[in-house]
Structure formats: structure tokens, C-alpha cells
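Q: Residue numbering for the sequence shown follows numbering that gives the first Met the number 0, starting at 0 and increasing by one per position.
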Amino acid sequence: MDWLTSIPAFADVSTVVVVDGGGTGSRATVATAAGEVLGYAEGGPTNSRSAGDEVAAENTRAVIAGALAAAARPLSVTAVLVSSASVDTAAHAAVLARGVRQVVPQGATVSVVADTIGCWAATARLEPAVAVIAGTGSAVLAGALDQGSKRYGGWDYVLGDEGSGYALGREALRQVLLVAEGSSSAVVLADACRERLGIDETDELFDRIYKPEVDKSHIAAFATDVLRLAAQGEPHASRIVEDQATQLAATVSAAFRDFTDLGTLGCFGGIWNAEVYRKHFGRAVVRAVGRQPVITYPGDTAMVGSFRLVLRKGPDGAPGRAEDEAVAAFEQGLAAARGEAG
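(1) Report yes if the CB atom of I165 is closer than 7 angstroms to the CB atom of Y156, and no otherwise.
(2) Taking only three categories from DSSP, how would you classify D52?
(3) According to the neighbour-count rule (16 or more other Cβ atoms, all chains shown, within 10 Å of its Cβ), is K210 buried or exposed?
(4) Note the first and the last residue of the continuous alpha helix (DSSP H) segment covering D155.
(5) Whole angstroms are fine: how far does the CA of I63 sit from the CA of R48?
(6) Go through its chain and collect everything with a Cβ distance to G281's Cβ below 8 angstroms, but skip five positions before and after it.
(7) Can you tell me whether DSSP reads E126 as helix, strand or coil?
(8) Which of the three DSSP states, helix, strand or coil, is assigned to T223?
(9) Check for me: the beta strand (DSSP E) holding L37 runs from which residue to which?
(10) Could you tell me the alpha carbon to alpha carbon distance between D160 and R195, rounded to whole angstroms?
(11) As a quick exercise: from T45, L125 and V131, pick the residue whose alpha carbon is nearest that of R277.
(12) What separation, rounded to the nearest whole angstrom, lies between the Cα atoms of T31 and V240?
(13) Keeping to the same chain, check which residues put their C-beta closer than 7 angstroms to that of T250; ignore five residues upstream and five downstream.
(14) Look at V111 and V76 and say whether their C-beta atoms are less than 7 angstroms apart.
(15) So, using beta-carbon positions, are A56 and R100 closer together than 7 angstroms?
(16) Can you tell me which residues form a DSSP beta bridge with K149?
(17) In the DSSP assignment, find the unbroken beta strand (DSSP E) run with T263 in it and report its ends.
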């Protein structure tokens, strides 16, 4: 689904709510068109695939209600943009929209999109760009306002998540088993994983990984050992990082193939905190794309991107100083609100 073109025009952006939702939690901010942050709240997960439809919808309602309650005065919301994990279809979007409608006026314009949209919007101020998100999982989104958007990867851990923390952790755990079988010499990496697992016998690994169920975040935690050892030059860990970074770069290259005038690649997610991963990925992207794109690391700015997108879709939306000043004010206010929230 092309989420970028699915976003409607916002007839009134005087009171804007943006929501960033995921598998572990959610955040909502209410602000004026000038970027003044009026309220902020954090809440439960909005990933309907993992939390269930009813819980995800209720958490969406509750986090918006919390942001409105945090405001110093009663507010009448006019525009809402929710970006959330596991919004893959219009049906998924409708689940969260039900929660939104329970807490905002009937006349408010509401849009629910995939969580990659906010990251894309924060990459290059709504100019043609690619956003690559790599944390526990991975996904790539390319887009341009005049060309729409397209997702690459983002298939979750069974079918995809190349280049992610989960993929790094899974390969590290495989080395524990291969070393025990005598099929790998990655003893240093295997020992680090065994220590993290707290096991004496390799056969204990299976219960730690599969019981009570497969936990993606638990497996992704072993990426820490891979990245640490790769930074120290350990060859097996380095090969895992290089292989996964190369796979993610190949996914990115498909985006550059399909869209024109893409100049900026924004990297979001925890894996980019590791310099060794950034280096491997940077080289792999040049090989895969055939040129050096501008690579940026915008940080945790998806909500800022969503706010800019609402303004641009508003009645007076246009790039320029007024939009930039409003977005800067929003970003500053959001940082202050998050600091107060702890």
C-alpha cells in the first residue's frame, strides 16, 4: 500500500495530534500549527499483530487522551496522524482509527499510516528520500511527494528482517550450535553468547530460545555481542556484520532503482549506534547503489517528521521558513516534554 498518497489533505491544522506507535509502547503529542507543544503522553503498544486489535485500538485512544489531559486547557483536535508498527493494510489502519475516533471530535481529519512514514518525513524535509529502519527488525521506505511511496523488506523475522538486530543475534546463536558440532571455529563469539544465555550445556540453548515462545527482542539482544566483537576485529563477528549489512544494502538499492532524484538515505533505529555497522553498511550501499548517497542519522525524530507532514498537507502547506520554524519549535517542545516524562 502507498501510505504517502493515502494521507488526506488536512483542512484545519490548528490543533494537531501525532502518534508514534510500536510493539512495546506508544507516544502522542498535541501541538498548535505554530509548533507549540501543548501535551504529551506515553502509553501501551499499538501493534495490532502482537497486542491484538482491541488492545491496540484502546491503547491508541488512551495515549491520545493522555496527551490531551496533559494540556493546560481544553482542546478541540482538528488533525491526527498516527504512524504505527504493523500497519500493513487499510484494515490494520482502520483498527487504530477506531480508537482515535473515540477521543477526537467527529470533524477532525484522521490518518493512520505505517511507522516508516514518520521516519521518511524526517529524513530530508519531505524531499525525495529513502528511510531505512534497523533495530530489532528492519524495513526500508522510499518516497517522494510527487511519486508516492513504496516499502521494501519489513517482512518480519520469519521471512525477512535482514540486517537487523534480530538477524545478527540469530546468526550468533547459530554459531553456538555450529561450534558445538565442530563445524565452526567461532569460539569467542559462541562463548559470549553462552555467557549471555547463562548455560553450561549447549543443549540448554533450545529451551532458552524457544520457551515459552520465540522472543524477537531476546534474540536481538545477542547483536550486542556480535557488534562488540566485530568492533574489536574478531573475524567471525565481522563477517556476520558484513553479511547482514550487505543484505540490507541490497534492499536499499531496490529503492534507488525504482525512484528518481533520491539523494538522501536516513538511517533510523538502534543498530546505527554501532560505528562498526555504519562502516560496513556505508561501503555496502556504495557497492549496491553504484554511487555515494548522502547518509544521515536523524535520531528519534519520527514524530517531528509526522508533524511536518501534517503541516505540508494543511491548507497553507508549503516548504519554507514558516514550516521550518514551526517544526523546530515542535522538536524543541517535544524534547522538553519527553524529558519531563522521564
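We treat Cβ as the ideally placed atom computed from N, Cα and C, and that holds for glycine.
A: To lay it out plainly:
(1) It should be pointed out that residue 165 corresponds to Tyr in this sequence rather than to Ile. A contact, by the Cβ cut-off of 7 angstroms.
(2) helix
(3) exposed
(4) D155 to L158
(5) 20 angstroms
(6) I294
(7) coil
(8) helix
(9) V36 to G42
(10) 22 angstroms
(11) V131
(12) 43 angstroms
(13) V139, Y151, G152 and E161
(14) no
(15) no
(16) A141
(17) T263 to F267
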